[in-house]
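Counting in my numbering, the sequence shown runs from 135 upward without gaps.
Here a beta-carbon is modelled for each residue, glycine too, at the ideal position from N, C-alpha and C.
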Amino acid sequence: MDAVVCALELLGMFVSIVAWLCSLSTTIMTQWLTLSTDLLPTESFDLGLWETCVVQDLGGMECRPYDSLLGLPPDIKLARILMCSALVVGILGLLLPIPGLHLVNSCKGPEGRRAKRVMKMLGGFFCLAAGVLGLVPVSYMAHLTVLRFFDESVPDVVPRWEFGDALFCGWAAGFLHLVAGVLLVSSCLCSLEERHPPARQRQEVRTLEHSPRKRSEYV
135 MDAVVCALEL
145 LGMFVSIVAW
155 LCSLSTTIMT
165 QWLTLSTDLL
175 PTESFDLGLW
185 ETCVVQDLGG
195 MECRPYDSLL
205 GLPPDIKLAR
215 ILMCSALVVG
225 ILGLLLPIPG
235 LHLVNSCKGP
245 EGRRAKRVMK
255 MLGGFFCLAA
265 GVLGLVPVSY
275 MAHLTVLRFF
285 DESVPDVVPR
295 WEFGDALFCG
305 WAAGFLHLVA
315 GVLLVSSCLC
325 SLEERHPPAR
335 QRQEVRTLEH
345 SPRKRSEYV
């Protein structure tokens, strides 16, 4: 059982690290939405959370940050807040379980094992929360993009924004955060079953212990 718990812990920590790096990349990337027109086939436009960029086919790129925080669209503001919150919660979900790992020799004794289990459980919950916080802005931006793309009131000649690479990276980050949280919580549940075996198993052990005594009494 210890080997299973250690495997779940290490796998959960590895997935959590990858998920946090993907969330960081999603927040920094400028390719949340992309736009290209037939009038300028050699240029495309990228929209990010912090700046907009003009990309040329020859390899040049020119980026410009947003002029005013108050003048940002509501969806960009919401995505900024939620992605930054996901990064903070994700780093907590990454750091909290470290003292609770089986490979870390600390907090010995019954109370120490309980404290390690609680820290690991909190880390799992933080990973789950980070996954939700990361999936909401990405999915919301994708939803708005689909609505605007198929808006019948807009003429067909008007260029439309499309999905950028950051959206797919954000979906991957949110999914990996959820997987990491499930792995960490599962390792806590496995260690609980190890410390407290089922009642039927305890009853069988007691029966085996008392059976030789009864036989000796009959002899």
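If I'm right that residue i touches residue j with Cβ under 8 Å, what's the distance once you round it to whole angstroms?
i, j, result
"L262", "G315", "4 Å"
"V272", "L230", "In fact, because the Cβ distance is near 24 Å, the residues do not count as touching under 8 Å."
"C303", "M195", "With 8 Å as the limit, C303 and M195 do not qualify as a contact, their Cβ atoms being about 18 Å apart."
"L228", "W154", "6 Å"
Can you give me the C-alpha to C-alpha distance between residue i and residue j, rounded to a whole angstrom?
i, j, result
"T160", "C324", "33 Å"
"N239", "S150", "22 Å"
"V252", "C322", "8 Å"
"G146", "V188", "39 Å"
"L204", "L212", "12 Å"
"P208", "A307", "23 Å"
"Q190", "G298", "16 Å"
"Q165", "C156", "14 Å"
"G257", "R294", "41 Å"
"T186", "I225", "27 Å"
"P244", "K250", "10 Å"
"L192", "L174", "13 Å"
Using C-beta distances below 6 Å, list every residue in its chain close to residue i, excluding the 5 sequence neighbours before and after it, in chain order.
i, result
"E296", "T168"
"S170", "S178"
"M255", "C322"
"L142", "L317, S320, S321"
Which of helix, strand or coil does DSSP assign to residue i?
i, result
"S273", "helix"
"V316", "helix"
"F179", "strand"
"R294", "coil"
"E143", "helix"
"T164", "coil"
"T186", "strand"
"L216", "helix"
"L204", "coil"
"E245", "helix"
"L229", "helix"
"L301", "helix"
"S170", "strand"
Spatial neighbours of residue i within its chain, please: CB distance less than 7 Å, with the 5 preceding and 5 following residues excluded, ordered by chain position.
i, result
"L312", "L262, G265"
"V152", "L310"
"V138", "C324"
"V270", "L216"
Which residues in the same chain as residue i place their Cβ atom closer than 8 Å to its Cβ, once the five residues preceding and following it in sequence are excluded?
i, result
"M275", "W166, L167, D209, A213, L301"
Requested in this report: Take every Cβ of the stretch 262 to 278, pair it with every Cβ of the stretch 206 to 221, and state whether three or more of those distances are shorter than 8 Å.
Outcome: yes
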